[in-house]
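Have a look at the structure below before the remarks.
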């Protein structure tokens, strides 16, 4: 006996499948990452000359003392920063509220990761930065922000005082809704954990202790072949830069993975329930 499904049933199942697969795929990749972080030892920097996927842990060092970024709010010299502005949105029907992202910014410079053996060049473009929060300021509606935040608002065209798109004026220093300003920084001489793809390169070392290699995004990610780019996006190794401890990074990846898989299974379950 052949099972015949109605078009509506097929549509529901297809929608459930389309929603469930990305969540489950991402969740499984995060769980694999968590398992790798928590159960394996980092590579030595000396291993990077062999190429391939590596996991490194050490100290982040600038290429030159004055080759640094400057964070937009606290003006802190750093190797990388992430800046985020969130607004508090309220739901009148359920008397609940949640933070939503209104603005993000990121900047970075190349740096060197140094462990007990040597140091290697890290090329950040394309990295998934997972940085700890270094500073967070909440500005209540109708109150004047701290001077550093006020200057950031004044200098950033995409962040206005009212978050409504109105013309900027005398009220630039004030907000009409609760907002949260967050900075995450990768600091010189700070601990750093890097997952990436190493390549042998004799042009990137010029001093004792520097290895002939660089670590960054797998070259397949920007290959001319669409097939290679797709294969990398689905099966390629991660490129992660983090200042979290090994335990924090692993547990957080595991939590993200479990939550994502649960959402995917829930979507699939709802689709099957409604279809049959």
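Residue numbers (UniProt numbering): 1 to 276. The beta carbon of each residue, even a glycine, is placed where N, CA and C say it ideally should be. Small disclaimer: the values here were computed from a predicted structure and weren't measured.
Within its chain, find whatever has a CB closer than 8 Å to the CB of residue i; leave out the 5 residues flanking it on each side and keep chain order.
i, result
"residue 61", "111, 112, 113, 114, 119, 188 and 189"
"residue 247", "38"
"residue 271", "12, 13, 15, 16, 17, 19 and 20"
"residue 219", "197 and 199"
"residue 211", "45, 46, 48, 49, 118, 119, 120 and 205"
Under 8 Å between the Cβ atoms of residue i and residue j?
i, j, result
"residue 195", "residue 152", "no"
"residue 100", "residue 89", "yes"
"residue 125", "residue 216", "yes"
"residue 245", "residue 177", "no"
"residue 214", "residue 123", "yes"
Between the C-alpha atoms of residue i and residue j, what's the straight-line distance to the nearest angstrom?
i, j, result
"residue 140", "residue 231", "46 Å"
"residue 264", "residue 67", "44 Å"
"residue 55", "residue 193", "7 Å"
"residue 261", "residue 29", "10 Å"
"residue 233", "residue 227", "10 Å"
"residue 208", "residue 19", "52 Å"
"residue 12", "residue 43", "47 Å"
"residue 45", "residue 274", "53 Å"
"residue 257", "residue 225", "30 Å"
"residue 163", "residue 104", "Because residue 163 carries a pLDDT of 45, less than 50, the predicted location of this residue cannot be relied on, and the following value inherits that uncertainty. Going by the C-alpha atoms only, they are around 14 Å apart."
"residue 1", "residue 266", "With a pLDDT of only 46 at residue 1, under the threshold of 50, the placement of this residue in the model should not be trusted, and no figure is reported."
"residue 64", "residue 183", "23 Å"
"residue 145", "residue 106", "22 Å"
Just checking my contact of residue i with residue j at CB under 8 Å: how many whole Å lie between their CB atoms?
i, j, result
"residue 134", "residue 185", "5 Å"
"residue 198", "residue 58", "Actually they do not touch by this definition, with Cβ atoms about 14 Å apart."
"residue 78", "residue 69", "5 Å"
What does a CB cutoff of less than 6 Å around residue i pick up in its chain, not counting 5 residues either side in sequence?
i, result
"residue 138", "180"
"residue 242", "130, 193 and 249"
"residue 159", "85, 103 and 153"
Quick check on residue i: does DSSP put it in helix, strand or coil?
i, result
"residue 64", "coil"
"residue 238", "coil"
"residue 245", "coil"
"residue 73", "coil"
"residue 134", "strand"
"residue 277", "Outside the modelled stretch of the chain, which goes from 1 to 276, sits residue 277, for which no answer is possible."
"residue 59", "strand"
"residue 183", "strand"
"residue 129", "strand"
"residue 195", "strand"
Please return the same chain residues whose Cβ sits closer than 7 Å to the Cβ of residue i, not counting the five positions on each side in sequence.
i, result
"residue 149", "73, 137, 139 and 181"
If you measure from the beta carbon of residue i to each beta carbon in chain B, is any gap under 8 Å?
i, result
"residue 25", "The structure shown contains no chain B, having only a single protein chain."
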